[in-house]
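Colleague: I'd like to ask you about the structure that follows.
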Amino acid sequence: MKNNRSALTKLFLAAAPIALVVGIAFSFSPNVSMAKVTTVTSESPLADGGSDYATYCARCHGNDGRGQTAKGRQTHAGDLTKSTVSDTKGVRMITNGSGEMPAFKSSMNAEQIRGVMAYIHGFRR
Ligand code: HEC
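Letter by letter, the sequence shown follows residues 54 to 178 of my numbering.
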């Protein structure tokens, strides 16, 4: 009987650190999801650029920016991942169009165009 109890005590002592670790992990998990929410919120201007990109640009430049869509090949849209165009020139091209690329000043305001320009910068990394 005495032996049995000490075996149980040993089991408890062995289990306690594990329970502690699991407990800590669980108590941290709400913080992790809070951090995710904060990140999404702070990236929302870029996310907006991303949705405008999907709406207006991806049919030629592709979701990955490489311009390998049927329309992108047909118009020679080029590869935005290799683009070196400045923000000023890029914004001007998006606003007023360039060659086979249409103008977007009637579909997006200046802020949206800057957002899309910021978004396509992400392709260059
Ligand atoms: C109808 C197809 C088409 C659509 C839609 C389109 N583009 Fe283009 N894009 C082109 C073509 C073609 C060029 C090359 C134009 C040139 O060389 O004058 C180009 C060039 C560019 C360039 C310059 C790349 C470089 O380095 O020279 C940028 C930046 C760009 N597009 C961004 C966008 C954005 C942002 C959108 C969406 C708002 C968009 N494009 C929509 C066809 C398109």
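Cβ coordinates follow ideal geometry from the N, Cα and C atoms, glycine included.
(1) Between Ser139 and the rest of its own chain, which residues show a CB-CB distance below 7 Å, the 5 nearest in sequence each way excluded?
(2) Just to check, is the beta-carbon of Glu164 closer than 7 Å to a non-hydrogen atom of the ligand HEC?
(3) For Ser151, which beta-bridge partners are listed by DSSP?
(4) Residue range of the alpha helix (DSSP H) that Cys110 falls in?
(5) Would the beta-carbon of Ala156 be found less than 7 Å away from any heavy atom of the ligand HEC?
(6) Can you tell which of Thr148, Asn162 and Glu153 has its C-alpha closest to the C-alpha of Gly40?
(7) In whole angstroms, give me the CA-to-CA distance for Arg178 and Gly150.
Modeller: Concretely, from the data shown:
(1) none
(2) no
(3) Met154
(4) Unbroken run through Cys110: none, as it is neither H nor E.
(5) no
(6) Outside the modelled stretch of the chain, which goes from 54 to 178, sits residue 40, for which no answer is possible.
(7) 25 Å
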